[in-house]
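Residue numbers (my numbering): 113 to 513. Just so you know, even glycine gets a beta-carbon here, dropped at the ideal spot from N, CA and C. Since the structure is predicted, the reported quantities are computational estimates derived from the model, not experimental observations. Structure record follows, encoded as structure tokens.
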């Protein structure tokens, strides 16, 4: 893929549209206008008939989703043709029948409520309480077996006392495990730390979308005082000092996502291997038709949590979590601004890049997160601590706040 400039853009449609202007006679303009009116009438009639054929759907009552209007119940008061055109488009692309009543998997149809209406096996509903504002809630996609990774995150870049006067919280998102011994260890871990959110789904690679939607829902319900949500995988290290210093300039942003953005129609849809997509899914596409994020590090403004969770109730399921969570759902919500954070400038997939950045004489290193190997984690964290312990952190934070 060609390199992209670090830019921001608002997306209500998955493609960037080009406009062309050319000279036109008055008669031609009138004819074109007439054709436009006819076309609008046909599209409106088609949308009306499509909407009338749709079954009723459940929505969240907070009304935050831009393209849904609610009367405070679980049923929408009006149907928005733009919203349902988006849902219908996705359903067609995923080859799903029964729009908004089910979620599609390659080999099965699951009840539409399964993705959003599950109960939490374990969670701490008071995790974000005790402070007026949580500056960052870190939600970590973690596998049940990765107890050591969760332990090191708690003791390093998610350790609350290191970053005062900022308030940071962490929640580890997990699914169920069929291993009883491991299940007992995870339960004991939660009893000690009280920072995991466990859903009823089996924790597996193909269920990561469930885990992500669970995170959206949990934050919208139990961390409403958050400003930003930092979603990471558990093999990532975060320079929280740099993150806090950099992001307070964005604190007035709304409905925004900060990540490495893959533009629509640039990322190949693979039909074989780990990322295999069945032939009947996106069957008329060779590339994903939605802009979406590299999911290893994504920052979202917290005002998007309820709309994204609500959108998941309506949007057919797709198992590749990055595409679904950070592409298809923002597309359905509408009016979401993507801020492209270039790889190796703000984020990195290679720990050596972060290491070089930290080794520079300049106190500021713009890379605030990187994938890291297990045997390199503490070495890199010690580098971060040494760099920021050599500066007046309390003074710096006072200047930023």
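Check                                                                                                          : Outcome
Cβ neighbour criterion (16 or more within 10 Å) applied to residue 205                                         : buried
For residue 150, the three-state DSSP class (helix, strand or coil)                                            : With a pLDDT of only 47 at residue 150, under 50, the local geometry of the prediction cannot be trusted, and no value is derived from it.
Coarse secondary structure for residue 493, derived from DSSP in three states                                  : helix
Nearest-angstrom beta carbon gap, residue 331 and residue 249 [assumed within contact, 8 Å]                    : 6 Å
Three-state secondary structure (DSSP) of residue 501                                                          : helix
Beta-carbon proximity of residue 480 to residue 458, cut-off 8 Å                                               : yes
Alpha-carbon spacing of residue 422 relative to residue 471, whole angstroms                                   : 44 Å
Classification of residue 316 by the beta-carbon crowding that lies within 10 angstroms, buried from 16 upward : exposed
Cβ-based burial, residue 238 [other Cβ within 10 Å; buried from 16]                                            : exposed
Unbroken beta strand (DSSP E) run spanning residue 371, endpoints                                              : 368-371
Local conformation of residue 476 per DSSP, three classes                                                      : coil
Helix, strand or coil at residue 465 [DSSP, three-state]                                                       : helix
Nearest-angstrom Cβ-Cβ length linking residue 430 and residue 373, presumed shorter than 8 Å                   : Not confirmed; about 18 Å, so no contact.
Beta-carbon separation (whole angstroms), residue 482 vs residue 465, contact threshold 8 Å                    : 7 Å
DSSP state of residue 274 mapped onto helix, strand, coil                                                      : helix
Contiguous alpha helix (DSSP H) assignments of at least 4 residues, all confined to the segment 390-443        : 417-426
Residue 493 to residue 343 span [Cα, whole Å]                                                                  : 19 Å
Sub-8 Å separation of residue 207 and residue 381 beta-carbons                                                 : no
The segment 357-370 contacting the segment 265-276, beta-carbon criterion three pairs below 8 Å                : no
C-alpha gap between residue 446 and residue 293, whole angstroms                                               : 44 Å
Presumed contact (8 Å Cβ cut-off) between residue 411 and residue 371, rounded CB distance                     : 7 Å
Counterpart residues of residue 374 in DSSP-defined beta bridges                                               : 404
Strand pairing of residue 311, partner residues [DSSP]                                                         : 232
7 Å Cβ shell around residue 320 - same chain, five flanking residues per side excluded                         : 253 and 433
According to DSSP, residues forming a beta bridge with residue 343                                             : 251 and 410
Touching by the beta-carbon criterion (3+ pairs, under 8 Å), the segment 400-415 and the segment 294-313       : no
CA nearest to the CA of residue 322, picked from 356, 452 and 428                                              : 428
Presumed contact (8 Å Cβ cut-off) between residue 352 and residue 269, rounded CB distance                     : 5 Å
Top-ranked residue by Cα proximity to residue 387, from 241, 435, 327 and 271                                  : 435
Spatial distance of residue 153 from residue 355 (CA atoms)                                                    : The predicted model places residue 153 with a pLDDT of 46, which falls under 50 and marks its position as unreliable; any figure quoted below should be read in that light. About 50 Å.
Beta carbon of residue 369 nearer than 8 Å to that of residue 448                                              : yes
Residue 239 in three-state terms, based on DSSP                                                                : coil
Three-state class that DSSP yields for residue 324 in the structure shown                                      : helix
Own chain residues within Cβ distance below 8 Å of residue 266, not counting five before or after              : 282, 305 and 307
Extent of the continuous alpha helix (DSSP H) run through residue 352                                          : 352-359
Residue(s) in a DSSP beta bridge with residue 284                                                              : 252 and 308
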